[in-house]
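A.B. asks: Starting off with a structure, shown below.
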Amino acid sequence: MRCLPENKSSYKDLFISLLFLSNQTNNNQVNSASINNDSTNANPANPASANNNQVNAIPVNDEPANLNLANSAPANNNQANAVPANNGLMNENSLNNIPTKVNSKNVEIKVLSHNLFMLPTNLPGWGNWGHDERAKRISQSDYVKNQDVIVFEEAFDTNARNILLDNLQKEYPYQTDVVGRTKNNWDASLGNFRSYSLVNGGVVILSKWPIEEKIQYIFNDSGCGADWFANKGFVYVKINKEGKKFHVIGTHVQSQDQNCSNLGVPNRANQFNDIRNFIYSKNIPKDETVLIVGDLNVIKKSNEYFDMISRLNVSEPKYVGVPFTWDAKTNEIAAYYYENQEPVYLDYIFVSKLHAQPPVWQNLAYDPVSKQTWTTSGYTSDEFSDHYPVYGFVYADSSTPTKSGHKRKYDQVSFQSAANGKFIQADPNRKNGWLRADTAIETDFTKFNLLQEGNLNPSCIKSGLVRIESSHSLNYFWNWWLGGGSGNYGYYPKFNDASNQLEIINLSTECLEDGNKIVFKDYDTYSKDHYYLTVWDKGNWNEHLYLWKDSISQREIFYLRLNSTPAKNWNTDLIYR
343 MRCLPENKSS YKDLFISLLF LSNQTNNNQV NSASINNDST NANPANPASA NNNQVNAIPV
403 NDEPANLNLA NSAPANNNQA NAVPANNGLM NENSLNNIPT KVNSKNVEIK VLSHNLFMLP
463 TNLPGWGNWG HDERAKRISQ SDYVKNQDVI VFEEAFDTNA RNILLDNLQK EYPYQTDVVG
523 RTKNNWDASL GNFRSYSLVN GGVVILSKWP IEEKIQYIFN DSGCGADWFA NKGFVYVKIN
583 KEGKKFHVIG THVQSQDQNC SNLGVPNRAN QFNDIRNFIY SKNIPKDETV LIVGDLNVIK
643 KSNEYFDMIS RLNVSEPKYV GVPFTWDAKT NEIAAYYYEN QEPVYLDYIF VSKLHAQPPV
703 WQNLAYDPVS KQTWTTSGYT SDEFSDHYPV YGFVYADSST PTKSGHKRKY DQVSFQSAAN
763 GKFIQADPNR KNGWLRADTA IETDFTKFNL LQEGNLNPSC IKSGLVRIES SHSLNYFWNW
823 WLGGGSGNYG YYPKFNDASN QLEIINLSTE CLEDGNKIVF KDYDTYSKDH YYLTVWDKGN
883 WNEHLYLWKD SISQREIFYL RLNSTPAKNW NTDLIYR
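If you want it as structure tokens, here you go:
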């Protein structure tokens, strides 16, 4: 999860209340949008009750929580500019090590890092974003296969973490405990372990190969804001792959927080110092590779980024894949709280300069989606997390993803009216404005995502119930209005609430294909009957989309237009052997 300085931490408020008996409360309201109830326009006068059957209710107790714990990202690069001096570090020359190229045995390592957004559910106000279901989906997904090492961050929730690790046990039998939970189960526990911390540090490492040494290190700088309540630090493991030793540090450092000095920049710098000093203290042989992996909460190419590169003494990788690892423009979970925030790149897999250097080192950011949706408290999604995973590797191979997972067959489709030849579009000026078939050209606002819950074949949507989401504004779904005044039975994209009786009916073939004739049908909860959606043909509401007709004519028929734009492909950017 991404935390921004303008959002107050409900997590912090909660525990300040518990620990210091204050009366602070978080009164933030998230996305409380409503439709414009303009009574000056004439409208169809069929009275009915509102459609209150929510498909996407907020998956928290009473209000969405803007949780800062262990989460990331300034709102823009300028927030990362003020960086403290690079001091407090051990002398790197004390190692007397000169980095060497990896030996010719060609034993390489493939590493995956993913922030899972599995916040604790045993504390009030945190919410449950389908942790258990997502854990099952992640463990069954292709994107976690064929790795040597996996580092998970934000694996705070015990039950979800156990499901995930148990399901991955066969392929990754060597696993650490989560950092910050206990001093037991480690070869050493270093740093500032605080037994009174309310939450563990969320980082766990899985390996296909034997782990010969495992150490947890709790940061000496305990962080600020909500992060202070967690035992954040890093996990160190020494892995033996076919006789070659690899050293992996998995971490998740201080998040952005308005309650921190300079939004946590000094704290992150101190935590990076801890990592670097630990590496120096280990006296790792110069011909062995050392990797620093995780959500580092620093925006790529910002001033803080270059300070981090210097402070950790790592090489910049070759970046490929999607341009961001946290993106509210493409990721529904990220967009839920931060729909207007700019995307950022926060997650990295670095190679230490002081140790063995591969001939090339690539970081690939990938955006997979689940083939099957998950649902919790009425909220439905196919996202694995609010962050995208990152792969670190030397050379790409046949298992390396080469194109975006977020461009699916029924993403960004358009509907062209058979009656007037125009496309249905969302209001360009208001995310929850009326839907109208009134533009002759396709734009960003004429594009919608189709999703059929429970459909295990996302490349073949058939006639049946469907959710229709605005591609331009994620989490805004087709629903119809009925609340008095104007616009009764008119359709608009409603935040987090799709009509749960909306059907798409294919008049042409079985699976929806480009150019198919389709109609839409929905259920009127007042008259308790089904009606077809129509393009209104008179008065001030001309070309608006309405739930109205009980039979099919040209005004109820639409042509489906699939988006022919190919998925982002980075195959030519990858380096193969």
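In this note's numbering, each residue carries its 1-based index in the sequence shown increased by 342.
The beta carbon of each residue, even a glycine, is placed where N, CA and C say it ideally should be.
Values in this document were obtained by computation on a predicted structure and should not be read as measured data.
1. Which runs of the beta strand (DSSP E), 3 residues or longer, sit entirely within the segment 493-554?
2. Starting from Y578, trace the beta strand (DSSP E) both ways and give me its first and last residue.
3. Skipping 5 residues on each side, what residues in its chain have a beta carbon closer than 6 Å to that of T382?
4. Quick test of the definition: if touching needs 3 or more C-beta pairs under 8 Å, does the segment 839-855 touch the segment 702-710?
5. Short check: CB of Q596 to CB of V577, under 7 Å?
6. Looking at C-beta atoms only, is the number of pairs between the segment 694-703 and the segment 767-775 that lie closer than 8 Å three or more?
7. Measure the alpha-carbon distance for A677 versus Y834 and round it to whole angstroms.
8. Can you name the start and end residues of the beta strand (DSSP E) that S694 belongs to?
9. DSSP three-state label for T867, please.
10. Can you tell me whether DSSP reads A782 as helix, strand or coil?
11. Are Y818 and F787 closer than 7 Å when you measure CB to CB?
12. Run through DSSP, which three-state label would R809 get?
13. Going by the beta-carbon positions, is the gap between C566 and N609 smaller than 7 Å?
14. Name the two residues that bound the continuous alpha helix (DSSP H) containing Q613.
15. What span of residues does the beta strand (DSSP E) with Y680 cover, start to end?
16. Where do the ends of the alpha helix (DSSP H) carrying R476 lie?
17. Find out if the Cβ-Cβ distance for the pair W551, K583 is shorter than 7 Å.
18. Counting along the chain, where does the alpha helix (DSSP H) carrying I651 start and finish?
19. Going straight from the alpha carbon of T715 to that of E725, what length do you get?
20. In terms of alpha-carbon separation, which member of A840, D508 and F571 lies closest to Q546?
21. So, helix, strand or coil for T914, using DSSP?
22. Distance, Cα to Cα, D866 vs N673?
23. Who are V732's beta bridge partners in DSSP?
24. Taking E496 and M460 to be in contact with their CB atoms under 8 Å, please state how far apart those CB atoms are, rounded to whole angstroms.
25. When the Cα atoms are used, what is the spatial distance from T744 to K804?
26. Per the contact definition of three or more C-beta pairs closer than 8 Å, is the segment 469-484 in contact with the segment 642-656?
27. Apart from the five residues just before and just after S801, which ones in its own chain have a Cβ nearer than 7 Å to its Cβ?
28. Going by beta carbon distance, what residues of the same chain come within less than 8 Å of W823, once the five residues before and after it are set aside?
29. With a threshold of 8 Å on Cβ separation, who are the neighbours of S564 within its own chain once the five nearest residues in sequence on each side are excluded?
30. Ignore the nearest five residues each way along the sequence and tell me which others in N499's own chain have a CB closer than 7 Å to its CB.
31. Who are the near neighbours of A779 in its chain, counting only those whose CB is closer than 7 Å to its CB and skipping five residues on each side?
32. Going by the beta-carbon positions, is the gap between D490 and K452 smaller than 7 Å?
33. What are the residues that DSSP puts in a beta bridge with K880?
34. Just reading off the beta strand (DSSP E) that I803 is part of, what are its end residues?
35. If we ignore side chains and look at the alpha-carbon of each, how far apart do W912 and I894 end up?
36. With a threshold of 7 Å on Cβ separation, who are the neighbours of Y661 within its own chain once the five nearest residues in sequence on each side are excluded?
C.D. replies: Taking the coordinates as given:
1. Whole beta strand (DSSP E) segments, 3+ residues: 530-533 and 546-549.
2. That run of the beta strand (DSSP E) goes G575 to K583.
3. Residue placement at T382 is poorly supported in this model, since its pLDDT is 35, which falls under 50; the coordinates still yield a value, given next. Cβ neighbours of T382 beyond the five flanking positions: none.
4. With a cut-off of 8 Å on Cβ pairs, the segment 839-855 is not in contact with the segment 702-710, counting fewer than three such pairs.
5. No, the Cβ-Cβ distance between Q596 and V577 is not below 7 Å.
6. No, the segment 694-703 is not in contact with the segment 767-775.
7. Whole-angstrom Cα-Cα distance: 19 Å.
8. D689 to S694 is the span of the beta strand (DSSP E), which, as asked, contains S694.
9. DSSP places T867 in coil when its eight states are reduced to three.
10. For A782, the three-state secondary structure derived from DSSP is coil.
11. Cβ distance not < 7 Å, so Y818 and F787 don't count as in contact.
12. Three-state result, R809: strand.
13. Taking 7 Å as the cut-off, the Cβ atoms of C566 and N609 count as close.
14. V607 to K624 is the extent of the alpha helix (DSSP H) around Q613.
15. Where Y680 is concerned, there is no enclosing beta strand (DSSP E), although the alpha helix (DSSP H) it sits in stretches over E674 to Y680.
16. Note, R476: alpha helix (DSSP H), H473 to Q482.
17. The Cβ atoms of W551 and K583 sit closer than 7 Å to each other.
18. In the DSSP assignment, I651 falls within the unbroken alpha helix (DSSP H) covering N645 to L654.
19. Approximately 8 Å, taken between the alpha carbons.
20. Reading the sequence as shown, one finds Val at residue 546 and not Gln. The shortest Cα separation from V546 among A840, D508 and F571 belongs to D508.
21. Here T914 carries a helix assignment [DSSP, helix/strand/coil].
22. Straight-line Cα distance between these residues: approximately 31 Å.
23. In the DSSP assignment, the residues bridged to V732 are S455 and A707.
24. Contact between E496 and M460 holds: CB atoms are separated by about 6 Å, below the 8 Å threshold.
25. Distance between the alpha carbons of T744 and K804: 28 Å.
26. The segment 642-656 is not in contact with the segment 469-484.
27. Only K751 meet the Cβ criterion.
28. Excluding residues within five positions, the ones whose Cβ falls inside 8 Å are I377, A392, G829, N830, Y831, G832, Y833 and Y834.
29. These residues qualify, in order along the chain: N534, R536, W570 and K574.
30. The residue asked about is misnamed: residue 499 is Asp in this sequence, not Asn. Taken in chain order, the residues that qualify are M460, L461, P462, T463 and H473.
31. Only S759, N762, K764, F765, I766, V877, E885 and L887 meet the Cβ criterion.
32. Closer than 7 Å, so yes.
33. Per DSSP, none; premise fails for K880.
34. Premise fails: I803 is in no beta strand (DSSP E) and is neither H nor E.
35. Taking C-alpha positions only, W912 is separated from I894 by approximately 45 Å.
36. Sequence-distant Cβ neighbours of Y661 in its own chain, meaning closer than 7 Å and more than five residues away, are N705.
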